[in-house]
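A short write-up of the structure that comes next.
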Amino acid sequence: MSSFFSCEDDQYSLFQGVGTINCNSSTCGQFSVCSNLSFKGQPINQIGCCREGVLYSNAVSIIMYILIIPIIGICSLGALGGGVFKRPFLEAILNINSSTSGDITACLMFSAQIVNQIIIFFQSHPDQPERPLVNFEIGLVYALGIPISMQVGMDLANYLPLLPLMTLQMIFFVVICPVLLYFAKSEQVIETNKQKKSEIQPSPINTNDQNVESNINEEQRISNLFKQFQEESNSRFPLLPILLAFGNFAVNELIILLRTTSYQISPYFYPNDQDFGDQFSACEPWNFYMLILLFGVNIIFTFFVFFYMRKKELLKNTVNFNMNERYYTPISRFFKIYGAGWATGFIAGFLGMAAGLTLFVTMIEFGLVAAAAAATANYGYFIVCLQVFISFLVKENQDLSLTVGYQFFFYGIGAIGVLIFTNLGIYMIKKYNIEHIVFYVDFALVLLNMIGNIAWGIQQSERFSYHSLVYNPQSCTAQILSKSSVQ
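So, in structure tokens, the structure goes:
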């Protein structure tokens with residue numbers, strides 16, 4: 001494992017990966033040099049690319065970390081994640097390797113999303129101020145599909161070399177750009193129409209006016225049922241859908257951590273000897289069996305939630321409660337939303353970015369207003385961040401590559417970005433009724449990501465040759481071929 005290697009130079013202390021061993025000056029990039037390496041603290045006769053430490057003071061690093069603060073706050077408005085600054089800033093400009101960039105991003109986004117969740121939980125719906133901004137019921141459907149699909153996407157991504165993976169990322173961004181502009185224009189028209197109309201508050205539904213049976217007991221039962229649904233709908237912290245969403249995540253994560261993949265070593269089977277990964281490597285059948293178990297558990301849990309929540313929605317029909325909000329009936333609507341959750345997780349795992357963007361766009365399509373869609377997308381994106389962060393904690397516990405002090409530095413940056421810029425953005429959007437601006441912000445950040453992708457791909461090709469972009473040494477096939485050639 002590359003984590004067992006380290007750089008001996010105090011200034012150039014960040015080892016850039018096993019792919020840089022026996023490097024030359026042209027392959028290391030900016031802020032880096034070829035330097036002597038150690039293996040488990042013992043000097044060896046090898047050199048590799050060593051970069052200045054993550055927090056080593058230089059003008060470019062300081063500027064980039066300052067820029068990340070507003071960008072992460074703005075990203076949180078539109079449910080965009082760490083991919084926006086990971087590729088353009090951390091990798092393309094600061095030349096931090098992909099593994100360490102991912103660790104930094106996990107810290108930034110986890111702290112940012114924790115603060116963001118606290119903020120959005122206390123925001124009100126723009127059209128119904130008595131209700132919370134987050135739609136927890138549709139968020140639950142998305143949460144059922146995200147953890148497993150994200151794992152499947154990550155597994156498939158490891159079979160692809162860098163060039164086709166980046167090509168697919170670019171295709172996704174090219175497709176999503178006109179969609180964002182279309183929704184921005186549509187939302188702006190809606191906002192304009194709202195301003196033209198007089199503000200007429202809808203009167204609350206009175207169950208006494210409904211066509212209920214003359215029997216007073218039945219009328220009272222329906223009245224109580226309506227009141228119960230109204231209280232649940234207005235709750236800032238509805239316990240049942242939150243427990244179901246995070247309970248599903250916990251069950252998924254317990255099984256996922258049983259697996260060893262090329263990007264994660266199972267904490268249950270972490271070897272102590274030097275024969276690293278021979279018993280529980282990423283290419284063993286055990287990982288496939290755990291994936292089958294993951295599918296089975298998800299099917300059971302999903303159908304349990306579906307039938308339970310569907311029964312609840314059918315009860316809502318009997319009292320005509322919020323008839324325009326149905327996510328489990330008819331069945332086709334549930335599976336459309338569940339499929340969007342799968343798409344979100346798969347895109348997050350396969351492309352390594354754009355999970356929040358997928359959530360945001362699809363929730364708009366399912367009828368949520370822009371503000372509610374952004375808040376609910378952030379709620380769903382928190383599950384993605386949590387899954388990435390747990391993988392980071394497991395990796396960090398084994399690698400010890402990002403010290404606790406460094407971690408808290410990035411936790412702080414993420415929290416400050418949301419506290420200042422997300423709060424400011426929410427205030428401005430509410431004050432001027434410009435929810436559509438979020439789409440334009442997302443569009444600009446997507447363009448930034450596209451530029452970062454192109455720049456980083458060119459850098460990789462120049463340093464490690466075009467062959468490095470079309471060959472994947474981490475795949476099981478490559479490992480088998482490598483072992484057979486040694487034998």
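Residue numbers 1 to 487, in the working numbering, belong to the letters of the sequence shown in order.
Cβ coordinates follow ideal geometry from the N, Cα and C atoms, glycine included.
Fair warning: this is a prediction, and the values are worked out from it, not measured in the lab.
The shortest C-alpha to C-alpha distance from N248 to any of V141, T362, S61 is the one to V141. Apart from sequence neighbours up to five positions away, the residues of its chain that approach P126 with a beta-carbon distance below 6 Å are A371, ordered along the chain.
According to DSSP, T261 shares a beta bridge with Q264. Taking C-beta separations shorter than 7 Å and ignoring five residues to either side along the sequence, the partners of Q264 in its chain run S391, V394, K395, following chain order.
In this structure, F85 is the residue among I93, V115, F85 with its C-alpha nearest to the C-alpha of I104.
In this structure, V388 lies away from V179, with their beta-carbon atoms at least 8 Å apart. When Cβ pairs closer than 8 Å are counted between the two stretches, the region 29-40 is seen not to touch the region 397-404, the count staying below three. By the 16-neighbour rule on beta-carbons within 10 angstroms, H467 is exposed. Between the alpha carbons of G457 and A112 lies a gap of roughly 28 Å. In this structure, the beta-carbon distance from R51 to G452 does not fall below 8 Å. Contact between A157 and F306 is absent: CB atoms are separated by about 29 Å, not below the 8 Å threshold.
Take the alpha-carbon of I347 and the one of A355: they are about 6 Å apart.
In this structure, DSSP gives S465 a state outside helix and strand, which the three-state scheme calls coil. Between the region 412-424 and the region 127-139 there are fewer than three C-beta pairs closer than 8 Å, too few to call the two in contact.
A straight line joining the alpha-carbon of A373 with that of C23 spans about 48 Å.
Linking N378 to I300 through their CA atoms gives a straight-line distance of about 26 Å. The alpha-carbon separation between P70 and C7 amounts to approximately 33 Å. Taking C-alpha positions only, Q188 is separated from E435 by approximately 8 Å.
Counting the other Cβ atoms within 10 Å of the Cβ of T192 gives fewer than 16, which makes it exposed. Excluding residues up to 5 positions away in sequence, C107, S111 lie with their Cβ nearer than 6 Å to the Cβ of Y411 in the same chain.
Under the DSSP assignment, L55 falls outside any beta strand (DSSP E); it carries neither an H nor an E label. For P43, the secondary structure class from DSSP, reduced to helix, strand or coil, is strand. By the neighbour-count criterion, in which 16 or more other beta carbons inside 10 Å mark a residue as buried, V54 falls on the buried side. A distance of 8 Å or more separates the beta carbons of A444 and Q123. For F5, the enclosing beta strand (DSSP E) stretches over residues 5-7.
DSSP, reduced to helix, strand and coil, places P132 within a strand of the structure shown. For Q30, no alpha helix (DSSP H) segment is defined, and its DSSP state is neither H nor E. Here the C-alpha atom of C49 lies approximately 13 Å from the C-alpha atom of Q11. Judged by DSSP in its simplified three-state form, S38 adopts strand.
Annotated three-state conformation of S401 is coil, per DSSP. In the structure shown, S233 falls within a helical segment according to DSSP collapsed to helix, strand and coil. Taking 8 Å as the cut-off, the Cβ atoms of I383 and I114 do not count as close. In the structure shown, the three-state DSSP call for L368 is coil.
As summarised for the region 329-360, there are no continuous beta strand (DSSP E) elements at least 3 residues long confined to that stretch.
Measuring C-alpha to C-alpha distances from I454 to each of L225, L94, M166 identifies M166 as the nearest. Under a 10 Å Cβ-count criterion, I216 is classified as exposed, with fewer than 16 other Cβ atoms of the shown protein chains found around its own Cβ.
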